[in-house]
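Line order of the protein sequences matches chains A and B.
The opening position of the first sequence corresponds to residue 78 in the numbering used here, with each subsequent residue numbered one higher.
The opening position of the second sequence corresponds to residue 243 in the numbering used here, with each subsequent residue numbered one higher.
Beta carbons: idealized from backbone N, C-alpha and C, even for Gly.
Here the structure is a predicted model, which means the values were calculated and not measured.
Encoded as structure tokens, the structure appears first; notes follow it.
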Amino acid sequence: MTYEYPTEYDVIVVGGGHAGCEAALAAARMGCRTLLLTINADAIGLMSCNPAIGGLAKGHLVREIDALGGEMAKAIDATGIQFRQLNTSKGPAVRSSRAQADKQRYRLWMKQALESVYGLDVKQAMADAVLVEGGKAVGVETNLKVRYRGKTVVLCTGTFLKGLVHIGLVNFPAGRAGDFPSMKLSDSLRTLGFTVGRLKTGTTPRLDGKTIDFSRTIRQDGDAEPVPFSFENSKITRPQIPCYMTYTSAATHAAIRSGLSRSPLYSGVIQGIGPRYCPSIEDKVVRFSEKERHQVFLEPEGLSTAEYYPNGVSTSLPYDIQVKMLRTIPGLERVEIVRPGYAIEYDFVDPVQLHPSLETKIVENLFHAGQINGTSGYEEAAAQGIVAGINAAGKAKGLPPVVLGRAEAYIGVLIDDLVTKGAQEPYRMFTSRAEYRLLLREDNADLRLSDTGYRVGLLPEGRYRQFLRKREGLVDFVRRLEETRVAHDAPIRRLAEAAGGGPVRTGISYAELLRRPEVTVGMLLSCDGGLAAGVPGVAQQAELAIKYEGYIRRQEEEAKKIRKYEEMRFPHDFPFEGVYGLSTEVRDKLVRVRPASIGQAQRIPGVTPAAVALLLVALKKGKTRSR
Amino acid sequence: MEGGRFRGESTIVAPATPPGAGAVSILRLSGPDAFPLARRLTGVDPAAHPPRTLSRCGIRNASGAEIDSGLAVFFPEPHSFTGEDVVEIHLHGNPILVEEVAAAACALGAVPAAPGEFSRRAFFNGKMDLTQAEGLCDLIAARTAASARAALRQLNGGIRAAISPLRERIRNLLVLLEASIDFPEEEGIAPISAVELIERVSEINGSLSRFLESYERGHLLRDGATVAIAGVANVGKSRLLNRLLGEERAIVTETPGTTRDYLSGELVLSGIPVRLVDTAGLRETEDPVEREGVARSRRIVAEADLTLFLLDGSRAAHDGDRRAYDEIASRPHLLLLNKCDLPPSENGGDFHGEGKRKTFPVSAKTGEGTDALLREMARELAPEGGATLSEAPMTRLRHAAAVRRAVEALSRASRSAGEGMSLEFPAADVREAADALSELTGEIAPEEVLDAIFSSFCIGK
Numbered sequence: 078m079t080y081e082y083p084t085e086y087d088v089i090v091v092g093g094g095h096a097g098c099e100a101a102l103a104a105a106r107m108g109c110r111t112l113l114l115t116i117n118a119d120a121i122g123l124m125s126c127n128p129a130i131g132g133l134a135k136g137h138l139v140r141e142i143d144a145l146g147g148e149m150a151k152a153i154d155a156t157g158i159q160f161r162q163l164n165t166s167k168g169p170a171v172r173s174s175r176a177q178a179d180k181q182r183y184r185l186w187m188k189q190a191l192e193s194v195y196g197l198d199v200k201q202a203m204a205d206a207v208l209v210e211g212g213k214a215v216g217v218e219t220n221l222k223v224r225y226r227g228k229t230v231v232l233c234t235g236t237f238l239k240g241l242v243h244i245g246l247v248n249f250p251a252g253r254a255g256d257f258p259s260m261k262l263s264d265s266l267r268t269l270g271f272t273v274g275r276l277k278t279g280t281t282p283r284l285d286g287k288t289i290d291f292s293r294t295i296r297q298d299g300d301a302e303p304v305p306f307s308f309e310n311s312k313i314t315r316p317q318i319p320c321y322m323t324y325t326s327a328a329t330h331a332a333i334r335s336g337l338s339r340s341p342l343y344s345g346v347i348q349g350i351g352p353r354y355c356p357s358i359e360d361k362v363v364r365f366s367e368k369e370r371h372q373v374f375l376e377p378e379g380l381s382t383a384e385y386y387p388n389g390v391s392t393s394l395p396y397d398i399q400v401k402m403l404r405t406i407p408g409l410e411r412v413e414i415v416r417p418g419y420a421i422e423y424d425f426v427d428p429v430q431l432h433p434s435l436e437t438k439i440v441e442n443l444f445h446a447g448q449i450n451g452t453s454g455y456e457e458a459a460a461q462g463i464v465a466g467i468n469a470a471g472k473a474k475g476l477p478p479v480v481l482g483r484a485e486a487y488i489g490v491l492i493d494d495l496v497t498k499g500a501q502e503p504y505r506m507f508t509s510r511a512e513y514r515l516l517l518r519e520d521n522a523d524l525r526l527s528d529t530g531y532r533v534g535l536l537p538e539g540r541y542r543q544f545l546r547k548r549e550g551l552v553d554f555v556r557r558l559e560e561t562r563v564a565h566d567a568p569i570r571r572l573a574e575a576a577g578g579g580p581v582r583t584g585i586s587y588a589e590l591l592r593r594p595e596v597t598v599g600m601l602l603s604c605d606g607g608l609a610a611g612v613p614g615v616a617q618q619a620e621l622a623i624k625y626e627g628y629i630r631r632q633e634e635e636a637k638k639i640r641k642y643e644e645m646r647f648p649h650d651f652p653f654e655g656v657y658g659l660s661t662e663v664r665d666k667l668v669r670v671r672p673a674s675i676g677q678a679q680r681i682p683g684v685t686p687a688a689v690a691l692l693l694v695a696l697k698k699g700k701t702r703s704r
Numbered sequence: 243m244e245g246g247r248f249r250g251e252s253t254i255v256a257p258a259t260p261p262g263a264g265a266v267s268i269l270r271l272s273g274p275d276a277f278p279l280a281r282r283l284t285g286v287d288p289a290a291h292p293p294r295t296l297s298r299c300g301i302r303n304a305s306g307a308e309i310d311s312g313l314a315v316f317f318p319e320p321h322s323f324t325g326e327d328v329v330e331i332h333l334h335g336n337p338i339l340v341e342e343v344a345a346a347a348c349a350l351g352a353v354p355a356a357p358g359e360f361s362r363r364a365f366f367n368g369k370m371d372l373t374q375a376e377g378l379c380d381l382i383a384a385r386t387a388a389s390a391r392a393a394l395r396q397l398n399g400g401i402r403a404a405i406s407p408l409r410e411r412i413r414n415l416l417v418l419l420e421a422s423i424d425f426p427e428e429e430g431i432a433p434i435s436a437v438e439l440i441e442r443v444s445e446i447n448g449s450l451s452r453f454l455e456s457y458e459r460g461h462l463l464r465d466g467a468t469v470a471i472a473g474v475a476n477v478g479k480s481r482l483l484n485r486l487l488g489e490e491r492a493i494v495t496e497t498p499g500t501t502r503d504y505l506s507g508e509l510v511l512s513g514i515p516v517r518l519v520d521t522a523g524l525r526e527t528e529d530p531v532e533r534e535g536v537a538r539s540r541r542i543v544a545e546a547d548l549t550l551f552l553l554d555g556s557r558a559a560h561d562g563d564r565r566a567y568d569e570i571a572s573r574p575h576l577l578l579l580n581k582c583d584l585p586p587s588e589n590g591g592d593f594h595g596e597g598k599r600k601t602f603p604v605s606a607k608t609g610e611g612t613d614a615l616l617r618e619m620a621r622e623l624a625p626e627g628g629a630t631l632s633e634a635p636m637t638r639l640r641h642a643a644a645v646r647r648a649v650e651a652l653s654r655a656s657r658s659a660g661e662g663m664s665l666e667f668p669a670a671d672v673r674e675a676a677d678a679l680s681e682l683t684g685e686i687a688p689e690e691v692l693d694a695i696f697s698s699f700c701i702g703k
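Set out below in structure tokens:
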């Protein structure tokens, strides 16, 4: 017999990982009665793999989540134990933040964040089915036959859908090593008509730190001045600890080769497709056999544990080979494994079945976020989670969906790629995926997204006011740079000339001076005490805006050009099947994706410019007819 | 449309009349800058003239020189074909003039219209109703098939062969840049240095610039060439036309001056569509009709890419021949001795003193010498003959504009790298160059770059 739970929720989130947490927090903070169901309440916000947040392009995502009013940046700022800026030798657009997290503290921070929101219930339960009435999701049913009713449902199931863990030729069902899998939910989705596929990912063994000889490794410290992720934090106070680096050797590779016959990857046991950018060590050794060694980073899992995460040796080789292989690595000669590395296969739902709002096209009021959409990475998951949370809450309240553009946010690039191209392998963000990379910087995530975060009711009033002050400060500072002229006896003249680049004319503006490659805003500030920007970060942003004005303007113009195509929307019931003149191949692609706009249609691989022209004609005809 | 009027950011320009010589050609401009642009080209102030009426004007090229006199007509938005500000400039029907004025418009900021772009804008601005849209749909479908075949022909042997290696080099450069940016901590990915970047860019740009030069010859392949047949009356011009076209087109009689108007026909030489035009005999005459014909003949000759000047080889040349020859002597031409089936009395020796041009004995009557003549015509029109085709010259202003955009973007990349700007800036330029070339050969998706990175480098800690 089933138990109808008496509370009717606005939003039900299934899954308490990085996507689920952001989704539930967003919905609840927007005032929705929210339920989060998790298989294991001790695993909320758990980092199943690498104990780190951020990285190239991922740091961008974290800051965007923060600018919208999400939690991830605040969580890592509070629990980070080593912060680093990556790509500092490169320019402002591709600089990214990364931090090692204290894994347990991070998890607890996230759990507390959920627990501290009124109107948000966290329950340990296993969802078995999405309840659908009249084509609309109306709740979920758990394995205990409890029915929770909700206006919207957000699925953030991670690797749990029919999760199958592989260690050598041994395999067993698990959502993650040590957790129950969800064996029924993906069947419920199949029954509803979704195309469900299978992906694979993997993780490294965890090592006992007291059995590692760090003297044989290279110590790597974080930045002396850690830079926080969240726009609301000005500094990191927690003590920072080092990581260590070592290398595999010829002996390691020989050990790995000796185990390949029992590798689930090479013996064909694993069917799911794994990520190319995050290959297992056996994959690296086989595919790049000419490489004599591979880097291994030993990353602490926290301040209160001796466990280390050996970044670079993700593996699903048999346990004995894992021991043998690791002990050939300098520093790990006597290492003890706490938990073995493993591969995991899991079900995902082809994301072309989603609207850009992350609502499914097949079942109204049902949203998907995170690995269920074929992505990998905590940041990618959280980014989708916050969008799904905002849109599920919006749907419950009768608001239009929030869709971020490709020129507006990496989150926009991420979701558009997913819903347009689907996922052939676990999808990870890279800066090269963004056409407008110079516009999408970590430093200006707040400028790009705070208005949206505030408008939907997620970014708190105080944060928004702080942001407005910064924006005004920026405008004012740029104006002053443009209006202030270099006087005949100004010290900046000597300084700029000493930096190279020829004589400085009297009377040119600071802005003009700043366009010279060798002149920095720091030089101007040091020479002119009256210039001070007041609000932190403003001077650097003004410098970027001025120094790279030509590039930024070109990308903005390009972005504007494509925007009009995004605004040409297909009605929901647009008959792609019946568009005159399309080739069968193109028609099939359009029918599969059902693009929301001409712009999205253009980005579907294989859709030709001629096909787009036909779509334009058909779209126009449809509109005329409906008048 | 609900979203209000569609506005192109750019002002586009293209001929509205088919290529080739004719009485009048129309160049059309549409977009926000169409009026100020046309004012620069014609000197006509759109504000001072009533809309939709013709204004007499001089027409200038990019350097401001007046090159034609014609008419301009202004259609202020929304009462125009595209719904934007539209200007039509009516020139004399010479493709060279049209090209020159289009180039001048581009120099002033217009861009060559993509195929169907006027219609596209018209469509977006609601200037077409349902039936027109249906018609357009058929039109687009038909043209796609035709242009697909044409494009395929070009792609198979042509532009693709030339552009692909360059595109490949740009892509490889992009792979190096993106790998340095996205995977800075991976071993085995050495960040590309500014010096290396600049070196690679300049190599690619060198090849692109050479390719750009081929446009000069290449557009003949698309727009075709005009070859005039000139000479005094009764030297056999009409018969030669017929012989070369292999069909009876002109009225052939023995009476001088029979051909009062020019006649023309098409043939294909080394892949170049050639319009062969028979002119009335170049001679002074009292007959007003014939005089008009002679005047037109002169214009044809003046505009032709090549003139075949005929002498009657069976009689000694006279002053009329010499005067007629003087009129065309400064134009590219071939000297023909017709009627070589008859006993020769003239070898053309006086006609090309220092130039030492070869003469071509032909017989329009028997066909003798016409093969050699056709071969020489092909050589004259496309100096590198077969090589021109295998190198696949660019044939359209649009091609040239795309390659030019790539060259400019790469130059910017080089400059930025030289100034010490970090990699993502030149990377943006290199990507723009890749995009520009993609317009000619197909997409470079970000996935393609990532695929190349994954297959060439061991990525992943």
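At least 9 Å separates the beta-carbon of Ala-467(B) from that of Leu-552(B). Ranked by how close their Cα comes to the Cα of Asn-521(A), the residues Leu-621(A), Asp-285(A), Lys-261(A) and Arg-483(A) have Leu-621(A) in first place.
Looking at Pro-515(B), Arg-646(B) and Tyr-567(B), the one whose alpha-carbon comes closest to that of Leu-616(B) is Pro-515(B). Within the model, the alpha-carbon separation for Ser-311(A) versus Val-304(A) is close to 8 Å. Look at Cys-320(A) here: in three-state DSSP terms it is strand. The DSSP-derived three-state label of Gln-501(A) is coil.
Closest in alpha carbon position to Glu-441(A), among Asp-528(A), Pro-169(A), Val-209(A) and Ile-121(A), is Val-209(A). Cβ neighbours of Pro-537(A) within its own chain (closer than 6 Å, five residues either side excluded): none.
Inter-segment contact for the stretch 487-501 of chain A and the stretch 673-692 of chain A is present: three or more beta-carbon pairs are separated by less than 8 Å. Nearest neighbour of Thr-84(A) by Cα position, chosen from Ala-144(A), Ala-134(A), Ser-166(A) and Val-223(A), turns out to be Val-223(A).
The contact set of Ala-670(B) on chain A, defined by CB atoms closer than 8 Å, consists of Arg-514, Leu-515, Tyr-628, Arg-631 and Gln-632 in chain order. At least one beta carbon of chain A lies nearer than 9 Å to the beta carbon of Asp-424(B). With three or more CB-CB distances shorter than 8 Å, the stretch 259-275 of chain B counts as touching the stretch 347-361 of chain B. Residues of the stretch 387-402 of chain A that bring their beta carbon within less than 7 Å of a beta carbon in chain B comprise Asn-388 and Gly-389, in sequence order. Chain B has a Cβ within less than 9 Å of the Cβ of Leu-133(A). Taken in chain order, the whole beta strand (DSSP E) runs of length 3 or more contained in the stretch 192-250 of chain A are 197-201, 204-210, 213-219, 223-232, 241-244 and 247-250. Going by DSSP, Lys-638(A) is part of the alpha helix (DSSP H) stretching over 626-643. Taking 8 Å as the upper bound for CB-CB distance, Arg-514(A) and Arg-416(A) are not in contact here, some 38 Å apart.
When Cβ pairs closer than 8 Å are counted between the two stretches, the stretch 299-311 of chain B is seen to touch the stretch 272-287 of chain B, the count reaching three or more.
Here Gly-306(B) is exposed: its Cβ has fewer than 16 other Cβ atoms, across all protein chains shown, within 10 Å. Shortest Cα-Cα distance from Phe-323(B) to any of Glu-661(B), Glu-650(B), Val-474(B) and Phe-360(B) involves Phe-360(B). For Leu-409(A), the nearest beta carbon of chain B is not closer than 9 Å to its own beta carbon.
Contact with chain A is found for Gly-662(B), since one of that chain's Cβ atoms lies less than 9 Å from the residue's Cβ. A Cβ-Cβ distance of about 4 Å is found for the pair Val-656(A) and Ala-695(A), placing them in contact under the 8 Å criterion. Annotation: Cβ neighbours of Phe-667(B) in chain A (cutoff 8 Å, chain order): Gly-168, Leu-515, Tyr-625 and Tyr-628. Per the C-alpha coordinates, the member of Leu-602(A), Ser-527(A) and Thr-508(A) positioned closest to Phe-554(A) is Leu-602(A). Counting along the chain, the unbroken beta strand (DSSP E) around Thr-601(B) starts and ends at 601-603.
Uninterrupted beta strand (DSSP E) stretches at least 3 residues long and entirely within the stretch 301-356 of chain A occur at 320-324, given in chain order.
When the Cα atoms are used, Gly-349(A) and Gly-447(A) turn out to be separated by approximately 17 Å.
In the DSSP assignment, Ala-256(B) falls within the beta strand (DSSP E) that extends over 254-257. Just so you know, the alpha carbons of Pro-250(A) and Lys-188(A) end up roughly 26 Å apart.
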